[in-house]
Structure formats: structure tokens, C-alpha cells
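Per our numbering, the sequence shown starts with residue -9, numbered consecutively. Beta carbons: idealized from backbone N, C-alpha and C, even for Gly. Working notes, structure below.
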Amino acid sequence: MEPAILLAFDIGTSSVKTSMISAAGERVDAQSEAYPTRYAAGGVAEQDPADWWGCVCRTTRALLDRDPTRRGRVVGIGVCGHMLGCVPVDQSGAALHPCLIHADARAKAQYEAVDRAVGAERLYRMSGNILDARSSLCKQLWVKEALPDLYARTAKFLQCKDYITARLTGEIDTTDYSDASHGQLMDIQRRAYDPALYQELGLSMDKLPALHRGDQVVGHLREEAAKALGLPAGIPVIAGGGDGACGNVGAGAVAPGDSYLSLGTTAWIAQAVREPVFDPQRRLFNIMSLDGETCSLLGTTQAAGASINWVRRLLQLDLETLNRMAAQVEPGCEGLVFLPYLDGERTPVFDAEASGAFVGLRQKHGSAHMARAVLEGIAFALGQIADTLRQFTALKDLSAIGGGMNSQLLAGMVADVTRLRLHRLLVPAEDATSLGVAAAAGVGAGVFASLREATAGIQAVSTVEPGPTDWRYARNYSVYQGLYAQLALSMHRLVR
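Listed below in C-alpha cells is the structure:
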């Protein structure tokens, strides 16, 4: 008998990735297809949900065409996707408007109104997440105020993964805890919507989909969708989850105390905790787990790998050369510090108008110093996240994924600055979300008893140990920690 396959759809920022995952947690095959995002003045960033569905169908058929025996081996389906979205659909599940994706900031006026009426602190205490114009809550209010006729015709507001789940099953009344909590739609402690909040904002709770565990079966593949994908009807489909929650599972962070680092274009450190943790300074996020049994407490830096790509373009270097040059410079870069705020910053400053900077630049510094300073700046940003997390929880070793871990130099810097062991996982960063939602689909289909069982086989391939404390890192890190407060006013004046 051929082994079972779990089918995972990852609705990413720029493409759909369809993966076939074995019950052993190994990728059997995968296929991706890109789609466009429309950007426009006023903070507009939107995608056409029909593009997602077309990519889902074509990529699935491509995988089946490569091996037709796979058609009868798929035992469960799960969808994950980018978070903080807003897809208004009618009763049939048809999208009434393009999706306002996570990067869409047109709801600035609504954000300010919610802040005045409800307050950022109350919303943080309710949802465990920081209010801004990109939250799904503010986007729903924008639809009501900017497009009142469309709002009246909206049956449900869905996230991107919910829209695909609806196309697969015909069921529009479903979302999961992770997307609802991160979008500030749900009381994270009660695992339920807050009627008082929606009444105060004049939003209809009837337009909110039912909340489910991400590993719960919410429907089965219907005939119409089965024909479009080339699969047999009746395969169980789970609620799925946001990409952040699915990535946690794919990195093996499912039990309280499990911690990991994702070091990619953006970077974060996350730890699974039993209950949400509320930072009085609102520097940390809480995202409900796929099974609803824990939360992920995390801090994020916006431009980790993005800063490396920027300095590579600036200096016209390939990655290998950049690392080799940076390694020739002593720790501390002879007094040069880089702030990696090229896309603003989240933890700990939460300032979209923050900007990058080299501080301490002198004639003695050259390209190699700049290359190393960028790497050290990323390590310092992660050091601040680790220090912030330590105020609320104990951090021990970190499992680590992401392209940045391929740089032994950068990985060593991060270990040195955070004072944490980094266990590099066999899981490629680009597969973590797909593996996570596939594990949840396996739980829903009865292949696994729990997410913990599904991720038991995740292994580290190497460990990066922190070296002896270096006074040069300590000096530069101390300077780094004070730079934002000293430069913020100038940053804001230059942006405006």
C-alpha cells in the first residue's frame, strides 16, 4: 500500500505553495505559482482571491500529473496563509472585494477612531496584540465606513486561508484562533469574540465566522472543488491557521517552553506559553496556537535578511563574498554600529517611521566594516527581542530555521549576543508553515493523536554555541540600545 499524503496549501505574500507531505513529516513534492499584489496611494495593498484559487488548482494538478498515484493517497487537507487580512464574501463564498492584505494600511482613520473609542491598551489586553491600521478589526471598520453597500451584502469577513477553505468545502462559517487573535478580533483568554467591543464599534458579529481549533475538521472536499483540483471528493479539510501559527508547529514549538528563532527576510524569536503574556509596554505579540491549547509569545524585527540583501546590492557583493569580508573585521567593527530599521521596526520600538542608520562611521571604515556592522545590527536587534522576552519568561536554547542560519558568521553573532544555543533544524524555513499545517491536517484526519506527536521527529542537524563574552559586542550593543531614543525625532522629521 502506498503511503498516505497530507496536502498543504500555503497562501503566501506573493505566491501559493502547494506541498505534499508524508506522515513522517517529509516533503514528498511541492509546486509554487506567483500572483500579483496591487499597491496604490493611501496605503492600498490588495490581492484578488480568485488568483489564489487559480494557483491552488493549477499547482495541485501539476503535482498529480507528476505522479497520478497520488490522487488516491491524500488523506487530509489544510490551508495556511498570510495574516491580518480582510476578505468580504457573500453567502455563496464569492469574494465581494479584493483582499486587504497584511500590508494594507488604508484604515488609518479607523485605527485612530478605535484607539479613541476603545483604547490600544484594552485591545492589547483582550487580543494580546498591538493595535495598528493593519489589523483585521480596523479593516472591517474601513469596509463599513468606506463601502457601506458592500458591507451590507457581506455575509462573512474571512482571512485568506478561510477563503480557500470555503472554496474547498463550501463552508464559509469558519476561521481559527490564530488568525482571529492576531487580527484583534477575539478575546484571547476566553477564546471567544467580545460582544461589547463590536457593539461599541457598531460592527455586526453576524459577519464573524465561527471559531475553531486549527486542527479541527470543518468540512470535506466537495465535488466541484474536487474536479478543479483533480482529487476525489470527500477528503477531510481542517480549519487551518495563520502562517505564524503554522510556522511555530513546523519548527517544533508546540509544548510550553519550546522556543525558536526564524532568521529570514524578517526575523523573530517565539516561545510557546500556556497563557497569553501581556507586556505593559506592548512590545510583544501573542498568537494562539493551532490547537488552541497554548500561545506563542514573540517579538519581531522587520528587516533581518532584508538588510543583508540591501547591503549586498549597495556593495555589489554575493553572499559568500559578503560573509568572507565581514569575517575579516574584528567584532565591534572598530566602533561602527548599524540600525537595521530599513522597513521601520517592531519589537521593541514599534515605529513604522523608524529608519536605518550607520553610526560611528569614519574614514578608517570600508566596505568590510559596513558588511559586518549590518550582520551585528541584526544580532543586536535579536538581542533586544531576547532581552524583552526574558522579562516575562525563561529562555533557554532556541531551535533555529531560516536562510540566515546558513551564515555561520551571523549565526555565531546571534548566539553570542543573545547568549543562547541555536539548534539548526533540518526543516527548511520555506517548508515550516507547510509542514505545520500538514501536521494539523494529520491530526484532523486521525493520522496523529496530537501536534506534539506529529512533530516528534523534528531534529537538529547542528548546534551553534555562544562564545566567551566579548567586550566589543557589549560596548556596541549598549550603544545600539540607546540609539533609537536619540535618533527617533530626526527619523520622523526626515520621513515627513
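Exclusion of the five residues before and after P199 leaves K146, F147, L148, D152, I162, D163, T164 and T165 as the residues of its chain whose Cβ lies within less than 8 Å of its Cβ.
Annotated three-state conformation of T8 is strand, per DSSP. Under the three-state reduction of DSSP, T291 is assigned to strand.
Between the segment 212 to 231 and the segment 357 to 375 there are fewer than three C-beta pairs closer than 8 Å, too few to call the two in contact. Spatial neighbours of R63 in its own chain (CB-CB distance under 8 Å, excluding positions within 5 residues in sequence) are listed in chain order as E(-8), P(-7), A(-6) and I(-5). The DSSP assignment places complete beta strand (DSSP E) segments of no fewer than 3 residues inside the segment 289 to 334 at 327 to 329, in order along the chain. Around the Cβ of S252, a 10 Å sphere holds 16 or more other Cβ atoms; the residue is buried. Here H72 is buried: its Cβ has 16 or more other Cβ atoms, across all protein chains shown, within 10 Å.
If you draw a 10 Å sphere on the C-beta of L309, you find fewer than 16 other C-beta atoms in it, and that means exposed. Judged by beta-carbon spacing, Y250 lies within the 7 Å limit of A241, meaning their Cβ atoms are closer than that value.
In the three-state scheme derived from DSSP, where H, G and I count as helix and E and B as strand, D248 is classed as coil. Counting other Cβ atoms within 10 Å of its Cβ, Y141 reaches 16 or more and is therefore classed as buried. Listed in chain order, the non-local C-beta contacts of A347 below 6 Å within the same chain comprise L329, local neighbours out to five positions each way being set aside.
Contact annotation: the segment 75 to 84 does not touch the segment 101 to 116, with fewer than three C-beta pairs closer than 8 Å.
Going by beta carbons, T337 and G289 fall inside the 7 Å limit. Distance between H87 and G234, taken at the CA atoms: about 25 Å. Assigned with DSSP and collapsed to three states, E366 falls in helix.
For T155, the enclosing alpha helix (DSSP H) starts and ends at C150 to T159. Taking all protein chains in view, the Cβ of P226 is crowded by 16 or more other Cβ atoms within 10 Å, so the residue is classified as buried. According to the DSSP secondary-structure assignment, P226 is paired through a beta bridge with H210. Per DSSP, reduced to three states, the secondary structure at R17 is strand.
Spanning the alpha carbons of L473 and Y463 requires a straight line of approximately 15 Å. K134 is positioned such that its CB atom lies no closer than 7 Å to that of L90.
Counting the other CB atoms within 10 Å of its CB gives M195 a total below 16, which places it among the exposed residues. Take D38, set aside five residues on each side of it, and the residues of its chain with a beta-carbon closer than 7 Å to its own are P88, in chain order.
Check the Cα spacing between I277 and each of S389, V349 and D169: the tightest is with D169. With the rule of 3 Cβ pairs closer than 8 Å, the segment 173 to 188 does not count as touching the segment 390 to 404.
The distance from the Cβ of F340 to that of I120 is about 6 Å, consistent with a contact at the 8 Å cut-off. Counting along the chain, the unbroken beta strand (DSSP E) around Q261 starts and ends at A257 to V263.
Unbroken alpha helix (DSSP H) runs of no fewer than 4 residues, entirely contained in the segment 426 to 462, are found at 441 to 444, following chain order. For Q174, the three-state secondary structure derived from DSSP is coil. Along the length of the segment 383 to 416, whole beta strand (DSSP E) runs at least 3 residues long occupy 388 to 391 and 412 to 415, reported in chain order.
Between the beta-carbon of A260 and that of L287 there is about 7 Å, and that keeps the pair under the 8 Å contact cut.
Under the three-state reduction of DSSP output, P185 falls in the helix class. Your pair A419 and G254 checks out as a contact, with CB atoms roughly 5 Å apart and the cut at 8 Å. Residue pairing from DSSP places D341 in a beta bridge opposite E335.
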